[in-house]
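Single-structure report; data block below.
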Amino acid sequence: MARGTAISPRVEITSETRTTMSTRSRLSSVQGGMVLGVLERESLPNREARAYHDRTMVHALLLTLGGAGITLALCPASTADGGPLGDGALSFKTDVRPILSEHCFPCHGFDENKREADLRFDQREGAFALLPSGGHAIVSGKPENSLLVERTSTSDLSDLMPPVEFNRPLNADQVAILEQWIKEGANWEEHWSFAPVSDVAPPTTTESLGPIDAFIRSRLAQSNLESSPEAAPVTLLRRVTYDLTGLPPTPEEVEAFLKDPSPAAYSTVVDRLLESPRYGEHMGRYWLDAARYGDTHGLHLDNFRSMWPYRDWVINAFNENQPFDDFVVEQLAGDLLPEPTIEQQVGSGFNRCNVTSAEGGMIAAEYLSLYAKDRTETTGTVFLGLTMICAQCHNHKYDAVSMQDYYGLYAFFNSLDEDASDKNIANPKPSIQVPTRAQQADLAALDAKREDYVAQLDAPLPELDAQQAGWESEWRQRLADRWLILVPESATSAHGTELVRQGDDSILAQGPNPAKETYEILAHSHTSDITGVRLEALVGEGSPASVPGRAPNQNFVLTHFQVEAFPAGHPELAQEVELVSAQASFSQDKYPVTGALDEAISGWAGLGIGGSRSATFIAAEPFGFEGGTGIRVKLKHESQFPQHNLGRVRLAITSEPALVPAKLGDWHIVGPFGESNGQKSLSEDFGPEESVNLGAPVGVAQLNWVDRPEYADGKVHPLANTPGSTYLYREIHAQTPRSLRVGVGSDDGIRIWLNGTLIHDNPVARGVALDQDSLELPLEQGRNELLLKVANYGGAAGFAFRKIDESMDDVPSNVGAVLGLASAERTPEHDKTIKYYYRGSHSPSWLKSREARDSVIAERTALQNSLPTTLVSKDLAKRRPAHILIRGQYDQLGPEVQPAVPAALPPLDKEGPLNRLDLAHWIVREDNPLTSRVTVNRFWQQFFGTGLVKTSEDFGIQGELPSHPELLDWLARHFIESGWDVKGLVKTLVTSRTYMQSAKVHPAAQEVDPYNRLLARGPRFRLDGEMLRDTALFLSDSLIENRGGPSVKPYQPVGVWKAVGYSGSNTVKYTQDQGEALYRRSIYTFWKRTAPPPNMVAFDAPSRESCTVRRSRTNTPLQALALLNDVQMVEAARRLAQRILSEGEGDVAARANGGFRWVTSREPTANEQAILLQVIESQLDLFKDQEEQAKLLIGMGNTPPPATLDARELAAWTHFSLLLLNLDEVITRG
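Residue -16 is where the sequence shown starts when you use our numbering, and the numbers rise one by one after that.
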């Protein structure tokens, strides 16, 4: 290209564009275009109405408005772009390096594995070095001696560079540039973005200009261009209101601005907009693209993911103007900050926004590697503006980023404490609950209330406490008489532990402490009716531990307690005793004593409080032999935790019949009865209410009882689905009178009889679940009869039953276990168990306080369980090793790497182990040359349409050079020195004269700078899809501005998720919300990554399967069709029409003009008024005899039209309003 000419246009298809094109192609089969999608909506009466609507709309668009001065944005302007060009001596950065990068770097660049002839052009030393051939590629000032010129200009194709087969030949202009540059001295410049941010001063000007305007006008002057005058006040107000809130100004705001004569009027507007909560909702949307935020996991089933608290955190961060450096640190490493708050942990969800999978057969190492790679590349793009992905498989071909650099950054993200599979659940670990501030206050208030009640419950009650002491003394004596200490005859171990009998008949373990061990203790008794065996795990008396275990933490895990009995003198006849229940004085959380009843490795553990422990194991029935009973007890310690063996134990037995648990027989079932009326059948007597005879038929239908031994307790069992009542019967045998507490569930109503007496009646309609009702069964000694009657009112039916607790000694079993401990062995928790039981049994006022406390606990539990969750970051306690992966393959491990930053950038200033917090602090360090530049460029891109560096995702050598490098550095330096003040930066941008210019195109500027990179005029571009939808809702007074909370599902085409959904997915079917959720701002729309909202994708929204920092802008017919046919748009147009008819004043013309004024914020011109009147009159005439078609049109959407308005008139104004919403002036921000 000849130097000094105007910038030539060129079309660029970015990676984002390709992604969008691919996504659009993929979704086209789902959407069928927005028109077909709308046709398929269940809310549309029929296709005839849609066809009629289309014909009338096209008629109005093409015939009435075509060429009449009101432009419709059916085809937004092209967005092809070019770069700026300056005059003077050749610049290595702008003229030479792009040629070398494009044509030479692949073979002579940073990647040493691909480097040819030991020649590299990515650094000065290599480019000027002596070559093995004896020559130099570049000889300063001497192109005739420079092999670079010789080999690129030779006519010998075998010697030509680049090689012919490379298919990247240099043209004559490029060869001439290289030759001229060498002739001028071959001045070498390092890549601009890796150089420190310069402290540049704005150019001096004759006018009083701000720094931005000084830089811009200085550059314009170099191209003999001038800036444009300030935009019209209304245009400027609309521009800045859209840019800061994503919505247009209200008529009242327009009027107030126009009437304010103050020079500070515009600045006041900016301050107001920056303080609006809409600001964070609008600004946050851009960040969510970069963070690849979504409401689903993104791969395979693409199930729901609970991530919306992170979205709200982003919005709040912008609204609260969180310093950008803190914003970065909390997202990369908020969880690693000292004592992180809930908000800081939520911010760390940035790292968890990557797509995940739960695909069957997945290889964990592969997917964990993919997740770490995603975070590496996202961090590189979002914060550093580097294409890190190019160094995943080999050294970067163009930029100074090696595989070592890539995997050094990768190592920071390789140790998250996460599973490879997301398990298709909403909150795969690590995740936290996220109460709002109001909920946090409620939880704190409930905690305080609970503590008040606890204080009341624990307060001294002298008289009652004295009575309790006497009661305990009686019980201890009773229990002492009950238990007989076994005198061990022998004690052996399987793996070398020395077991020594002590004077109190306990056994002390000493000497070796193997990883796993089994103790075997042999004893004899004259008792022949043994009902229980007690194991005491003791401290003291030679055992120094405060917990009776031999592990380093003093704990133990007893995995199996086994008892065998045999006639005295005949151990060969030993038989194992069936143990059916166990109760302990204390058990560690998740390691209950019942875990020792089987061979499972979980077992009984005792860590938590100091002191001895005791456990009582009850036999299914009394055991023993006349003439003496031999007892062999085996204590097995075979858990996953080594050396968790008991230190000192003692055994005792009892013959107390009260300890034998009640025996629950099998269930028997008969029914259903009373099918004609299921609800009535519950109270109707069919026979078993009077007596049960399992051998006799029941009722008029003569139905027989059926045994159901498979009906295990603690599970839900289905019953017949026909209406009517079904009876269930079982016998319960008790050794002594006692109380049995049980939980029952039923679908639907239930009645219960015990020994012929009705004890429970609940005619509820419900689905069955465990423990829906709780009740006490007062059992008699011997046989008891239990009868359940479950009534099904319709649909499914079922029942559930389980034993919760059993009071076998007039006290609950856990209380009895504690009473059996010696006073010295009891802990404060033991004492509290006894005290609470006694007070609850003897003091009604105390019991009332406990019930109040329990109510508070239940309320708090319900609130806690209702709290939303979100994914957060959390590192493993021990870092997972990271390696260079050969060719990027997870299973091809190269050398191990430690966390590190790219070598071409300033080093970390910390020695020793590094984590994500160190990386985050490095990223926002003042001497990092990339972060501040990348960030201010993105904000510039947001407000001016194109960044100072157009390739905002790539600040590397293949990226574009900055159009205004000094301005970029001034903004970056200013941003840092302001304390990373985002709102301050935004205000600086939008109050600049450059931003405030008119967007009108001038031919002279258009010829030199067709893409406005030099900013001789103001920015103008089409609104994003989210803004278009929000604008339509806002102008039609439909927008519901509820803030935060779970994502919502507004109108989308039927079946939009089905084509990409799996049958097992919870997002396979799109279920539209109702009510206010249909009209929330678009940032709150549910984002399914494999099928994002079509009305946003049509306008170039990314899928968010990966990070996007620059949306492309395309023009397609689908966009125009979406604006004309989307249900949301048509309904918004109808509601706008309702406003015009209900709020507008005057005749038809006045109302038409008023509608135009509402949507454009200005008065229509005389010519426009005539067109508007023509449009509405034609529509009124069109619908005057089409009442049915009118009703179909205005019936679109879920909000019905008011009955007070004539359907034909409303339909005409609906079409008129839809045209207004499609005006170029409305859908374009300029």
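The beta-carbon is built from N, C-alpha and C at its ideal position, and this holds for glycine as well.
Host beta strand (DSSP E) of residue i (start-end)
i       : result
Gln617  : It is worth fixing the name first, because residue 617 is Lys in this sequence and not Gln. Here the beta strand (DSSP E) through Lys617 covers Thr612 to His620.
Phe600  : Arg596 to Phe606
Ile867  : Ala865 to Leu868
Val699  : Val699 to Leu702
Asn767  : Gly765 to Asn775
Ser1230 : Any question about residue 1230 goes unanswered here, given that the chain covers just -16 to 1213.
Tyr710  : Gly707 to Ala717
Nearest neighbour of residue i, chosen from the options [CA to CA]
i       : options                             : result
Asp668  : Arg734, Pro701, Gly678 and Val725   : Arg734
Gln460  : Ser806, Val751, Glu768 and Leu271   : Ser806
Ala316  : Trp829, Trp905, Ser757 and Gly344   : Trp905
Phe569  : Asn995, Ser796 and Pro720           : Ser796
Ala783  : Ala645, Asn337 and Val699           : Val699
Val516  : Trp296, Arg633, Asn304 and Phe938   : Arg633
Arg691  : Val683, Tyr710 and Thr1187          : Tyr710
Gln1121 : Leu1188, Ser116 and Gly648          : Leu1188
Leu913  : Glu190, Ile601 and Val932           : Val932
Glu672  : Ala695, Leu769 and Ala178           : Leu769
Asp308  : Val907, Arg724 and Arg533           : Val907
Ile584  : Gly697, Gly1178, Val1142 and Leu541 : Leu541
Tyr994  : Thr977, Leu1022 and Gly928          : Gly928
Asn378  : Asn334, Ile614 and Asp105           : Asp105
Contact set for residue i: own chain, Cβ-Cβ below 7 Å, skip 5 residues either direction
i      : result
Gly661 : Pro706, Gly707, Ala774, Asn775, Tyr776 and Gly777
Pro418 : Leu426 and Leu850
Cβ-based burial, residue i [other Cβ within 10 Å; buried from 16]
i       : result
Ser12   : A caution first: Ser12 carries a pLDDT of 30, below 50, which makes its placement in the model too unreliable to give a value.
Val839  : buried
Gly552  : exposed
Ile1232 : With the chain covering -16 to 1213 only, the question about residue 1232 has no answer from this structure.
Arg1191 : buried
Cys373  : buried
Ala63   : Caution is warranted here: a pLDDT of 33 is assigned to Ala63, below 50, making its placement in the model unreliable, and no coordinate value can be reported.
Gln14   : In this prediction, Gln14 scores a pLDDT of 29, lower than 50, which makes its location untrustworthy; no coordinate-derived value is stated.
Residue i Cβ short of 6 Å to the ligand NAD heavy atom set
i      : result
Gln422 : This structure lacks the ligand NAD; in fact it carries no ligand of any kind.
Test: residue i CB closer than 7 Å to a CB of chain B
i      : result
Leu846 : Reference to chain B is not applicable here, since this structure consists of a single protein chain.
Close Cβ partners of residue i (< 8 Å) along its chain, the five nearest in sequence each way excluded
i       : result
Gly930  : Asn920, Arg921, Trp923, Gln924 and Arg1093
Val798  : Thr816, Ile817 and Tyr820
Gln1035 : Gly20, Tyr1053, Gln1055, Pro1076, Pro1077 and Asn1078
Arg24   : A caution first: Arg24 carries a pLDDT of 32, below 50, which makes its placement in the model unreliable, though a value can still be read off. Here the set comprises Tyr1034, Pro1036, Val1037 and Val1110.
Val180  : Pro912, Ser915, Arg916, Asp952, Ala955, Arg956 and Ile959
Arg1140 : Pro234, Glu1146 and Pro1147
C-beta contact flag for residue i and residue j at 7 Å
i       : j       : result
Lys619  : Thr501  : yes
Arg202  : His947  : yes
Val880  : Ala865  : yes
Arg1087 : Arg1072 : yes
Gly803  : Leu562  : no
Leu854  : Met290  : yes
Ala498  : Pro701  : no
Ala492  : Gly630  : yes
Thr637  : Thr514  : yes
Arg261  : Thr233  : no
Gln163  : Leu73   : yes
Thr339  : Asp405  : yes
Extent of the continuous alpha helix (DSSP H) run through residue i
i      : result
Lys663 : Gly661 to Ser664
Gly823 : Pro811 to His825
Thr279 : Element bounds for Thr279: n/a, residue is neither H nor E.
Cut-off 6 Å between Cβ atoms - residues of its own chain near residue i, not counting five sequence neighbours on either side
i      : result
His743 : Ile735 and Leu758
Gly384 : According to the sequence displayed, residue 384 carries Val and not Gly. Closer than 6 Å at the Cβ level, and outside the excluded window around Val384, lie Ala374 and Pro885.
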